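Participant:
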Amino acid sequence: MNWSEFFHMGGYAFFVWTSYALTFAVIVANIIFPIIQRKKVIARIKRAIKREQIELDKESA
Amino acid sequence: MWNWIQRFSSPKHFYGMSAPLIKWFSIGALLIGLYGLYLGLFVAPTDYQQGESYRIIFIHVPAAWMSLFVYMVMAISSGIGIIWQIRLADMVAAASAPIGASFAFLALVTGSLWGKPMWGAYWVWDARLTSELILLFLYLGYMALQSAIEDQRSADKASGLLAIVGVVNIPIIHYSVEWWNTLHQGATIAKFDKPSMHIDMLIPLLLMAVAFKLFYAAVVLVRTRNEALYRDRNRRWVRELIERL
Chain A
10 MNWSEFFHMG GYAFFVWTSY ALTFAVIVAN IIFPIIQRKK VIARIKRAIK
60 REQIELDKES A
Chain B
6 MWNWIQRFSS PKHFYGMSAP LIKWFSIGAL LIGLYGLYLG LFVAPTDYQQ
56 GESYRIIFIH VPAAWMSLFV YMVMAISSGI GIIWQIRLAD MVAAASAPIG
106 ASFAFLALVT GSLWGKPMWG AYWVWDARLT SELILLFLYL GYMALQSAIE
156 DQRSADKASG LLAIVGVVNI PIIHYSVEWW NTLHQGATIA KFDKPSMHID
206 MLIPLLLMAV AFKLFYAAVV LVRTRNEALY RDRNRRWVRE LIERL
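The listed protein sequences derive, respectively, from chains A and B. 10 is the number of the first residue of the first sequence in my numbering; add one for each residue after it. 6 is the number of the first residue of the second sequence in my numbering; add one for each residue after it.
Here you go:
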């Protein structure tokens, strides 16, 4: 079997490769979104810590 | 026993021990997935009825299985969260919903792309397809309830109840191909007699199913860790952890 035959998929190239491409996209999305979510959560908690620190400094001043 | 469960289900303990698991699940998913793809695309023989189009099976069926499996994980952990008030269980349920939804979506879309050349239509209101579409809506409903209710405990209860009631849909999806005259083909693997599938097709299919499962395990751990950080954002263990980052 050569490569052009492989990519041709017996005439079903569009259906087979669109399926595989979508699967790849869904997998990538499942990896990227939780990483973004993690960064957002950490940034949010850091901001809260900073805010509380400023409040504390004001009170003591 | 109860103390033991309490201790091991504490978000802090979970956070610490989940890090190495994520690494191993990811590596396993990648290696097994690549080997499964190689066998499925290069080694498995052409189907005598469906030609090369059947190769969609290697992603369609694992995605569909996972959409059911993740739903059961979500419903069972919601139940554990509601009955025993184990917070980690609620976090696992909330973390599972978007992943399960993505698998249900994938099962529907790849099925549609397989249906077009085989049945001549991208979509038919067949029992199997319709019940799988309802599964996707259940996932979306769970996610909508989670984000719509401000109070976390109420959100977990409401969305958890939806998840548990929705379990009724699971046997409907599974048996739809037997109960109704569907266009969708019957089960080829989950039968009590020998699976009606060539071994060279069966092995890559099972490998892909294992890879999908490991992938879910890795992603659900990452998402559950995010939930733990967010929900415990005012607790000391999170504060100490963030300050060290």
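We treat Cβ as the ideally placed atom computed from N, Cα and C, and that holds for glycine. What you are looking at is a predicted structure, and each value in this text was computed from that prediction instead of being measured.
Taking Cβ positions, are B/Ser23 and B/Arg244 nearer each other than 9 Å?
Facilitator: Translated into positions along the second sequence, residue 23 of chain B becomes position 18. Translated into positions along the second sequence, residue 244 of chain B becomes position 239. At a Cβ-Cβ threshold of 9 Å, B/Ser23 and B/Arg244 do not count as neighbours.
Participant: Any beta carbon of chain A sitting closer than 9 Å to that of B/Thr51?
Facilitator: Here residue 51 of chain B is taken as the residue at index 46 of the second sequence, counted from 1. Using a Cβ-Cβ cut-off of 9 Å, B/Thr51 counts as an interface residue toward chain A, since at least one Cβ of chain A sits closer than that to its own.
Participant: I believe B/Ala168 touches B/Ala222 by the beta-carbon criterion, under 8 Å. Please report the beta-carbon distance rounded to the nearest angstrom.
Facilitator: For the purposes of this step, residue 168 of chain B is taken as residue 163 along the second sequence, with counting starting at 1. For the purposes of this step, residue 222 of chain B is taken as residue 217 along the second sequence, with counting starting at 1. Contact flag wrong, Cβ pair sits at about 19 Å.
Participant: Just to confirm the assignment, what range does the alpha helix (DSSP H) spanning B/Ala216 have?
Facilitator: Numbered from 1 along the second sequence, position 211 holds the residue referred to as residue 216 of chain B. Here the alpha helix (DSSP H) through B/Ala216 covers Ile204 to Arg236.
Participant: Quick one: what does DSSP say A/Asp66 is sitting in, helix, strand or coil?
Facilitator: For the purposes of this step, residue 66 of chain A is identified with residue 57 of the first sequence, where counting begins at 1. Helix, per DSSP.
Participant: In the DSSP assignment, what are the bridge partners of B/Asp131?
Facilitator: By 1-based counting over the second sequence, the position of residue 131 of chain B is 126. Note: B/Asp131 sits in no beta bridge, so no partner.
Participant: Identify the contact partners of B/Tyr235 in chain A, using a Cβ-Cβ distance below 7 Å as the criterion.
Facilitator: Taking the first residue of the second sequence as 1, we reach residue 235 of chain B at position 230. Neighbours of B/Tyr235 on chain A, chain order: Val50.
Participant: One question on the structure: do B/Ala94 and B/Gln151 come within less than 9 Å of each other, judged by their Cβ atoms?
Facilitator: Here residue 94 of chain B corresponds to residue number 89 of the second sequence, with the count starting at 1. Here residue 151 of chain B corresponds to residue number 146 of the second sequence, with the count starting at 1. No, they are not a contact pair.
Participant: Under a three-way DSSP split, which group does B/Gly56 fall into?
Facilitator: Within the second sequence, numbered from 1, the residue matching residue 56 of chain B stands at position 51. B/Gly56: strand per DSSP, three-state reduction.
Participant: Buried or exposed, going by whether 16 or more other CB atoms sit within 10 Å of the CB of B/Ala233?
Facilitator: Sequence index remark: in the second sequence, residue 233 of chain B carries index 228 (1-based). Buried, by the Cβ-count rule.
Participant: Would you mind telling me which residues of chain B sit closer than 8 Å to A/Arg47, beta carbon to beta carbon, in chain order?
Facilitator: For this step, residue 47 of chain A is matched to residue 38 along the first sequence. Neighbours of A/Arg47 on chain B, chain order: Val227, Arg230, Asn231 and Leu234.
Participant: Hey, how far is the Cα of B/Arg92 from the Cα of B/Val225?
Facilitator: What you label residue 92 of chain B is simply residue 87 of the second sequence in a count that begins at 1. What you label residue 225 of chain B is simply residue 220 of the second sequence in a count that begins at 1. Approximately 15 Å, taken between the alpha carbons.
Participant: Alpha carbons only, please: which of B/Leu42, B/Gln90 and B/Trp119 is nearest the one belonging to B/Gln55?
Facilitator: Taking the second sequence and counting its residues from 1, the one referred to as residue 55 of chain B is at position 50. Between B/Gln55 and the set B/Leu42, B/Gln90 and B/Trp119, the nearest pair of CA atoms involves B/Trp119.
Participant: If you draw a straight line from the alpha carbon of B/Pro67 to that of B/Arg158, how long is it in whole angstroms?
Facilitator: Counting from 1 along the second sequence, the entry for residue 67 of chain B is found at position 62. Counting from 1 along the second sequence, the entry for residue 158 of chain B is found at position 153. Distance between the alpha carbons of B/Pro67 and B/Arg158: 33 Å.
Participant: Should A/Val37 be labelled buried (16 or more other beta-carbon atoms within 10 Å of its own) or exposed?
Facilitator: Looking up residue 37 of chain A in the first sequence gives position 28. Exposed, because fewer than 16 other Cβ atoms sit within 10 Å of the Cβ of A/Val37.
Participant: Quick check: the Cα distance between B/Arg240 and B/Met96, rounded to an integer number of angstroms?
Facilitator: Translated into the one-based positions of the second sequence, residue 240 of chain B becomes position 235. Translated into the one-based positions of the second sequence, residue 96 of chain B becomes position 91. Using only the alpha carbons, I get a separation of about 16 Å.
Participant: In angstroms, rounded to a whole number, what distance separates the CA positions of B/Arg133 and B/Ser72?
Facilitator: In the second sequence, counting from the first residue as 1, residue 133 of chain B sits at position 128. In the second sequence, counting from the first residue as 1, residue 72 of chain B sits at position 67. Using only the alpha carbons, I get a separation of about 13 Å.
Participant: Is DSSP giving B/Arg249 helix, strand or coil here?
Facilitator: Reading the second sequence from its first residue, position 244 is the one you call residue 249 of chain B. B/Arg249 falls in the helix class under three-state DSSP.
Participant: Looking only at its chain, what residues have a beta carbon closer than 8 Å to the beta carbon of B/Ala126, apart from the 5 residues adjacent to it on each side?
Facilitator: Residue mapping note: residue 126 of chain B aligns to position 121 of the second sequence, counting from 1. Around B/Ala126: Gly120.
Participant: Measuring CA to CA, which of B/Gly45, B/Ser31, B/Met6 and B/Trp29 is closest to A/Val25?
Facilitator: Against the first sequence, residue 25 of chain A aligns to sequence position 16. That would be B/Gly45, whose Cα lies nearest to the Cα of A/Val25.
Participant: I'd like the span of the alpha helix (DSSP H) that includes A/Ser13, first residue to last.
Facilitator: Taking the first residue of the first sequence as position 1, residue 13 of chain A is located at position 4. First-last of the alpha helix (DSSP H) with A/Ser13: Trp12 to His17.
Participant: Does any C-beta atom of chain C lie closer than 9 Å to the C-beta of B/Ala98?
Facilitator: Protein chains in the displayed structure are A and B, and chain C is not among them.
Participant: At 7 Å on the CB atoms, spell out the chain A contacts of B/Val66, in chain order.
Facilitator: Within the second sequence, numbered from 1, the residue matching residue 66 of chain B stands at position 61. Residues of chain A with a Cβ closer than 7 Å to the Cβ of B/Val66 do not exist; the shortest Cβ-Cβ separation is about 12 Å.
Participant: 9 Å is my cut-off, CB to CB: does A/Ser28 come that close to chain B?
Facilitator: In the first sequence, residue 28 of chain A corresponds to position 19, counting from 1. Chain B contact via Cβ: present.
Participant: If you draw a straight line from the alpha carbon of B/Leu26 to that of A/Ala70, how long is it in whole angstroms?
Facilitator: Numbered from its first residue, the second sequence carries residue 26 of chain B at position 21. Numbered from its first residue, the first sequence carries residue 70 of chain A at position 61. About 47 Å.
Participant: Our contact map puts A/Ala30 next to B/Arg238 with C-beta atoms below 8 Å; I'd like the distance itself, whole angstroms only.
Facilitator: Here residue 30 of chain A refers to the residue found at position 21 of the first sequence. Here residue 238 of chain B refers to the residue found at position 233 of the second sequence. Their Cβ separation, rounded to whole angstroms, is 38 Å, which puts A/Ala30 and B/Arg238 out of contact at 8 Å.
Participant: Under 8 Å between beta-carbons, which chain A residues line up against B/Lys121? List them in chain order, please.
Facilitator: Taking the second sequence and counting its residues from 1, one reaches residue 121 of chain B at position 116. The answer, in chain order, is Phe24.
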